[in-house]
Amino acid sequence: MLDARLRPLIDPPLNRMGRVLADAGIGPNTVTLTGFAIGLCAAIAIAAGYSLIGLVLIALNRIADGLDGAVARATRKTDLGGYLDITLDFFFYGAIPLAFALQNPAANALAAAALLASFYANGSAFLAFAIMAEKNRLSTTEQGSKSLYYIGGLAEGTETIALFLLMALLPGWFPALAWGFAAICFVSAGARVLIGIKALQEP
78 MLDARLRPLI DPPLNRMGRV LADAGIGPNT VTLTGFAIGL CAAIAIAAGY
128 SLIGLVLIAL NRIADGLDGA VARATRKTDL GGYLDITLDF FFYGAIPLAF
178 ALQNPAANAL AAAALLASFY ANGSAFLAFA IMAEKNRLST TEQGSKSLYY
228 IGGLAEGTET IALFLLMALL PGWFPALAWG FAAICFVSAG ARVLIGIKAL
278 QEP
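Structure (structure tokens):
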């Protein structure tokens, strides 16, 4: 919901940093893979009980996630880059709730399962529509220049990042935060399905 509104604010500094990295010979896929490794380290830190370290690593992961696209825009966007970006993002989004479940199974496992189920529903609606949008030659730049069609929703990247950071800052609140965000994600998934149906209906 907030991604499109934040784009005008975050894209200019990211693009400047992306050009610096591109001029240094660092490719977008390198940034993507490095960011993913940092994200996995965040999950490991959280699972081990070091939530504040996890918070810092989550923030670094998300910075890298913005930078890989900026480097691609400064050099050349590729299908491989877009594929790695979205795939590893989903891996990361799944790793953080799992980490909290491992950190405290008795308190967190059920809430983590609900959150992961909502991510699955939201991601399925998002990716399935992206496939159909490509088939029907639909396009949008509302979320910036992307490798695939980004259908908007209540729960997008900005909200998920804020959630993960808050969970890492207040790990004892994980169950309440997870249940609340899972409800938002299920509503977002339903809305995306309805938007997809409307967009793809035969005239």
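Per my numbering, residue 78 is the first one in the sequence shown, and the count goes up by one each step. Yeah, the Cβ is synthetic: ideal placement off N, Cα and C, and Gly gets one too. Here the structure is a predicted model, which is why all the values come from computation and not from measurement.
Does residue i pass the burial test, meaning 16 or more other C-beta atoms within 10 Å, or should it be called exposed?
{"i": "Met209", "result": "exposed"}
{"i": "Thr164", "result": "exposed"}
{"i": "Asn199", "result": "buried"}
{"i": "Leu247", "result": "exposed"}
{"i": "Asp100", "result": "exposed"}
{"i": "Asp156", "result": "exposed"}
{"i": "Ile274", "result": "exposed"}
{"i": "Asn185", "result": "buried"}
{"i": "Arg214", "result": "exposed"}
May I ask you to report which of helix, strand or coil DSSP gives residue i?
{"i": "Ile121", "result": "helix"}
{"i": "Gly221", "result": "The predicted model places Gly221 with a pLDDT of 49, which falls under 50 and marks its position as unreliable, so this point remains unresolved."}
{"i": "Gln180", "result": "helix"}
{"i": "Thr111", "result": "helix"}
{"i": "Gly146", "result": "helix"}
{"i": "Ile212", "result": "According to the sequence provided, residue 212 is Lys. The question's Ile does not apply to it. Reduced to three states, the DSSP call for Lys212 is helix."}
{"i": "Thr237", "result": "helix"}
{"i": "Ala188", "result": "helix"}
{"i": "Thr164", "result": "helix"}
Checklist entry - Below 8 Å, can you find three or more Cβ-Cβ pairs linking the stretch 133 to 153 to the stretch 249 to 257? => result no
Item to check | Segment contact, 8 Å Cβ cut-off, at least three pairs: the stretch 147 to 156 with the stretch 89 to 101 | outcome: yes
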